[in-house]
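Q: One structure, as structure tokens, below. Some questions next.
Numbering (our numbering), first residue to last: 41 to 206.
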């Protein structure tokens, strides 16, 4: 490869990197007060009929850090069999299960730590709720009597809770 060809190739690569980093001349950066910067970028990327995207960067009280992004086109979501989501969503539809998830995200990991919480009921009730959350994929067993929220479920849980706010 000749010197001029290589120089042209390097210049094109530099342009691509600058465009990806948003530093290319003429590259638009979101205005600091652009409330809908993520929405506008999504619309530019997918067009009609649209898509749904959720994303998050989360550091939990215990220091664990998770980043997640998930998107689906509107067509896929509207054509999907929504009844398949019922079990996963119903696992969240109980105040004790939501409390369990919150406590685990705050660092309680063992059944002994969870059982010490006065609002979590009897040991039998606690295990019933833990089994429901594990079966739905919101929790994972990490050892005998130890539980954690899978990393890929942290942002989705918080997204569902944010969507449920009024």
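From the three backbone atoms N, C-alpha and C, an ideal C-beta is built for every residue, glycine too.
Do residue 101 and residue 157 have their beta-carbon atoms positioned less than 9 Å apart in this structure?
A: Contact: no.
Q: With H, G and I counted as helix, E and B as strand and the rest as coil, what does DSSP make of residue 185?
A: Note: residue 185 maps to coil in three-state DSSP.
Q: Look up residue 146 in the DSSP assignment and say whether it is helix, strand or coil.
A: Correct three-state label for residue 146: coil.
Q: Look at the alpha carbon of residue 127 and the alpha carbon of residue 177, and state the distance between them as a whole number of angstroms.
A: Straight-line Cα distance between these residues: approximately 10 Å.
Q: What does residue 180 pair with, by DSSP beta-bridge criteria?
A: Residue 180 pairs with 188.
Q: Between the segment 194-205 and the segment 107-120, can you find at least three pairs of beta-carbon atoms closer than 8 Å?
A: Enough Cβ pairs lie closer than 8 Å, so yes.
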